[in-house]
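2 protein chains.
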Amino acid sequence: MLNQANIAARMAAIQPFHVMAILARARQLQEQGRDIFHLEVGEPDFPTPQPIIEAGLQALQNGQTRYTPACGIPALRASIAQYYQERFGIKVDPKRIIVTPGASGALQLVLSVLLNPQDEVLIPDPAYPCNRHFVRLFEANPISIPAYAATNYQLTVADIEQYWTDKTKMVMLATPSNPTGTTLNPTELKALHNVVKARNGVLLVDEIYQGLVYEGEEHSALALGEDVWVINSFSKYFGMTGWRLGWIVAPEWAVEALERLAQNVFLCPSTPAQYAALAAFTPDARAIMEANKQILKARRDYLLPALRELGFVINSQPAGAFYIYADASHFTQDAQELCLQLLEQTGVALTPGIDFGEFEANTKIRFAYTTGIERLEKAVTLLKNYLPRS
Amino acid sequence: MLNQANIAARMAAIQPFHVMAILARARQLQEQGRDIFHLEVGEPDFPTPQPIIEAGLQALQNGQTRYTPACGIPALRASIAQYYQERFGIKVDPKRIIVTPGASGALQLVLSVLLNPQDEVLIPDPAYPCNRHFVRLFEANPISIPAYAATNYQLTVADIEQYWTDKTKMVMLATPSNPTGTTLNPTELKALHNVVKARNGVLLVDEIYQGLVYEGEEHSALALGEDVWVINSFSKYFGMTGWRLGWIVAPEWAVEALERLAQNVFLCPSTPAQYAALAAFTPDARAIMEANKQILKARRDYLLPALRELGFVINSQPAGAFYIYADASHFTQDAQELCLQLLEQTGVALTPGIDFGEFEANTKIRFAYTTGIERLEKAVTLLKNYLPRS
Numbered sequence: 029m030l031n032q033a034n035i036a037a038r039m040a041a042i043q044p045f046h047v048m049a050i051l052a053r054a055r056q057l058q059e060q061g062r063d064i065f066h067l068e069v070g071e072p073d074f075p076t077p078q079p080i081i082e083a084g085l086q087a088l089q090n091g092q093t094r095y096t097p098a099c100g101i102p103a104l105r106a107s108i109a110q111y112y113q114e115r116f117g118i119k120v121d122p123k124r125i126i127v128t129p130g131a132s133g134a135l136q137l138v139l140s141v142l143l144n145p146q147d148e149v150l151i152p153d154p155a156y157p158c159n160r161h162f163v164r165l166f167e168a169n170p171i172s173i174p175a176y177a178a179t180n181y182q183l184t185v186a187d188i189e190q191y192w193t194d195k196t197k198m199v200m201l202a203t204p205s206n207p208t209g210t211t212l213n214p215t216e217l218k219a220l221h222n223v224v225k226a227r228n229g230v231l232l233v234d235e236i237y238q239g240l241v242y243e244g245e246e247h248s249a250l251a252l253g254e255d256v257w258v259i260n261s262f263s264k265y266f267g268m269t270g271w272r273l274g275w276i277v278a279p280e281w282a283v284e285a286l287e288r289l290a291q292n293v294f295l296c297p298s299t300p301a302q303y304a305a306l307a308a309f310t311p312d313a314r315a316i317m318e319a320n321k322q323i324l325k326a327r328r329d330y331l332l333p334a335l336r337e338l339g340f341v342i343n344s345q346p347a348g349a350f351y352i353y354a355d356a357s358h359f360t361q362d363a364q365e366l367c368l369q370l371l372e373q374t375g376v377a378l379t380p381g382i383d384f385g386e387f388e389a390n391t392k393i394r395f396a397y398t399t400g401i402e403r404l405e406k407a408v409t410l411l412k413n414y415l416p417r418s
Numbered sequence: 029m030l031n032q033a034n035i036a037a038r039m040a041a042i043q044p045f046h047v048m049a050i051l052a053r054a055r056q057l058q059e060q061g062r063d064i065f066h067l068e069v070g071e072p073d074f075p076t077p078q079p080i081i082e083a084g085l086q087a088l089q090n091g092q093t094r095y096t097p098a099c100g101i102p103a104l105r106a107s108i109a110q111y112y113q114e115r116f117g118i119k120v121d122p123k124r125i126i127v128t129p130g131a132s133g134a135l136q137l138v139l140s141v142l143l144n145p146q147d148e149v150l151i152p153d154p155a156y157p158c159n160r161h162f163v164r165l166f167e168a169n170p171i172s173i174p175a176y177a178a179t180n181y182q183l184t185v186a187d188i189e190q191y192w193t194d195k196t197k198m199v200m201l202a203t204p205s206n207p208t209g210t211t212l213n214p215t216e217l218k219a220l221h222n223v224v225k226a227r228n229g230v231l232l233v234d235e236i237y238q239g240l241v242y243e244g245e246e247h248s249a250l251a252l253g254e255d256v257w258v259i260n261s262f263s264k265y266f267g268m269t270g271w272r273l274g275w276i277v278a279p280e281w282a283v284e285a286l287e288r289l290a291q292n293v294f295l296c297p298s299t300p301a302q303y304a305a306l307a308a309f310t311p312d313a314r315a316i317m318e319a320n321k322q323i324l325k326a327r328r329d330y331l332l333p334a335l336r337e338l339g340f341v342i343n344s345q346p347a348g349a350f351y352i353y354a355d356a357s358h359f360t361q362d363a364q365e366l367c368l369q370l371l372e373q374t375g376v377a378l379t380p381g382i383d384f385g386e387f388e389a390n391t392k393i394r395f396a397y398t399t400g401i402e403r404l405e406k407a408v409t410l411l412k413n414y415l416p417r418s
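The listed protein sequences derive, respectively, from chains A and B.
Residues in the first sequence are numbered from 29 upward in steps of one, following the working numbering.
Residues in the second sequence are numbered from 29 upward in steps of one, following the working numbering.
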């Protein structure tokens, strides 16, 4: 008889999201009539901007529901290229842009085209957990490098020098980062690029939260040169989470392989989503996104000092995305337990650090400001009344 | 400097679709004003049924564009379960149904959860090419077994007995099959299931073309027991190609692992597509699908004897899907060259056998009856005038 013993070995390394236990309990409590404050969800409370919805409706009415080219419709690849030109002054050949089913699809394509079994990929700890799981999916090894608040939980040149081996193939960075909300500035990025380039490695930069940066000039790692790999998404800044649409910008030498794999593993990205996304670059849609960004900034500007006042330690600079990664060691050595307790006692749902890595994860909590400021204020008050005075 | 030499080894085994060369040339000719007959495309000319479109419009208007549970919205999983009950009299727990981004996503999840590197998967040759590419993606080995027209290009019990080794983990079958359009009847399926089960292997049945069977009773491999794995799709019978939505039915012991992986690699299937698909099981939508099926049957009933009259040999029984896999050895020992020539000289676009395997592929051609019967008639006339008399 077949049973769980027949599951592939790689699955042992692919953990569930621990926040799911929080979510399940939150749902139970809500069903019992409890008011739950969702500071655990990585999805803002904004709807998809109306111009994108309208374009989606139009696409369905026009019967745009058939297969498209595997790398996406040419008009969308051209629009993304134009976006880089207009926003960042970077010239990208549309051929180098591969539209994918979400940034998840992008990550999958990049890693399966580049990684051989046993290759090593350097990743900061904490990081988006799926990154290391995707690496493992293709029998390669994610190497988690402890990352510190003092360096914004980002990798440093010294880290790469220290952890690089002859098996290292790639370094994955994220700016802004999930779960930390921190960014890399152009100078830091350039130094990291140089050290990877000198070792003939691949630099992959996750720019999924690009556009949601509240301090400093916006930039893209693509400015560093055509050898840099970037993944991006329509989910966050563009507000299209459930549509599942993202993209890769790859060096020209890899495009043929990426296209070949996309044909085989996806056939194509969602057709209605692609046509809807054409409207994501219109001035009307952009105005909505920029307004949403200001709302997120206001939430961050409220929440960051409020959490510090509660006794959470935040020595990094959460300049982007919609996350604050806080040290809760003042309160606990078991942040998952504290998260469950806070949910139970205050109705505030949070994500424990262990969802993002292992390094000092038991004292970390991610706060997502994906809900309105009035709700954030109430949540902070509830936490304040429950937590011991700092 | 990085270059193509840095592409992962697995990519050498993942071939492009050779039909893409045909498609590219067809497009060129069309741009020059030539009338091209598309008998190469695996996508019928029917639009998505209007009730599904309406449900999609409603979903967008209701803001159903956010993340859903990783395995799909409960209502859709329940609808699929009910479909098995009503159509096939098979009871399936909705928990065992995992909604995926297309059947491509389904295949990926199943194989990554089950296959260890070097595991062997028995697959008929010819078969849908992505099957063996997906197996290779996870460092396992697809074992292509020559399949013959006399046994409908399906595997036999003797094949499995012969090719089974201690590395064999799984057998993949498809009914109806792409590219052959052939089916397995319940007796054949049961015998194949028994031989796999006796070896403690996994039986995975591709039922992507389920619903498009023009001879005999419809059935599902799920009738054989809860140990059988099935993948299915909203693309073909349900007419939702570009929406990218499919599903898995898995044994209960594997559901937790599948869900965990789905969370990590997909987050969720397309939300608008899921809400639209709820309408796929309504009587109005089903009536349209059944009418489309009758149209496809009429096309097959025309094309099959017509091709035989032209001199193509079809000794299998293409009872389903929308494909006829024909032996062209009367005309050529290089079917890809013949396909290019036919396109050039007659404007009829076809898919060469090498897109589906290696066994006798150089004398095989796939005809897709995804275009109207008048166009099929014209195409046959053009072929008749060009090809030597049989």
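Each residue gets a CB set at the ideal place from its N, CA and C atoms; glycine is no exception.
Note that the structure is predicted; figures quoted are calculated from it, not measured.
Residues that DSSP places opposite residue i in a beta bridge
i: I151(B); result: S172(B)
i: F236(B); result: Just to set this straight, residue 236(B) is Ile in the shown sequence, not Phe. Bridge partners of I236(B): none, in fact.
i: A278(B); result: Paired residues: none, contrary to the question.
i: R328(A); result: In the DSSP output, where bridge partners are listed per residue, R328(A) has none listed.
Cutoff 8 Å: residue i Cβ touching any chain B Cβ
i: Q322(A); result: no
i: G239(A); result: no
i: W275(A); result: no
i: R272(A); result: yes
i: H46(A); result: no
i: A308(A); result: no
i: Y95(A); result: yes
i: Q113(A); result: no
Contact under 8 Å by Cβ, residue i with residue j
i: P300(A); j: Q92(A); result: yes
i: I126(B); j: I236(B); result: no
i: N159(A); j: L183(A); result: no
i: Y181(A); j: Y353(A); result: yes
i: L324(A); j: L378(A); result: no
i: R55(A); j: L368(A); result: no
i: L30(B); j: N228(A); result: yes
i: P44(B); j: P129(A); result: no
i: A421(A); j: A349(A); result: The structure shown does not extend to residue 421(A), since chain A is modelled only from 29 to 418, so the question has no answer here.
i: V233(A); j: E189(A); result: no
i: G133(B); j: G270(B); result: no
i: G400(A); j: D73(A); result: yes
i: L2(A); j: I50(A); result: Any property of residue 2(A) remains undetermined from this structure, which presents chain A solely from 29 to 418.
i: A389(B); j: G70(B); result: no
Own chain partners of residue i with C-beta closer than 8 Å, once the 5 adjacent residues on each side are dropped
i: L338(A); result: V408, L411, K412, L415 and S418
i: H221(A); result: L231, A249, L252, G253 and V256
Closer than 8 Å to chain A by CB, residue i
i: L142(B); result: yes
i: V293(B); result: yes
i: M39(B); result: yes
i: M268(B); result: yes
i: H161(B); result: yes
i: L232(B); result: no
i: G375(B); result: no
Straight-line gap, residue i to residue j (C-alpha atoms, nearest Å)
i: R124(B); j: I259(B); result: 12 Å
i: E287(A); j: F294(B); result: 19 Å
i: L289(B); j: Q113(A); result: 36 Å
i: E386(B); j: P380(B); result: 11 Å
i: T196(B); j: I171(B); result: 9 Å
i: V141(B); j: E68(B); result: 33 Å
i: I118(B); j: P102(B); result: 19 Å
i: R336(A); j: S344(A); result: 12 Å
Close Cβ partners of residue i (< 6 Å) along its chain, the five nearest in sequence each way excluded
i: T203(A); result: T211 and L212
i: A41(A); result: R164
i: C296(A); result: Y95, T96 and A98
i: M268(B); result: T76 and F262
Sequence-distant residues of its chain with Cβ nearer than 7 Å to residue i (five each side left out)
i: A282(A); result: V141
i: T193(A); result: E148
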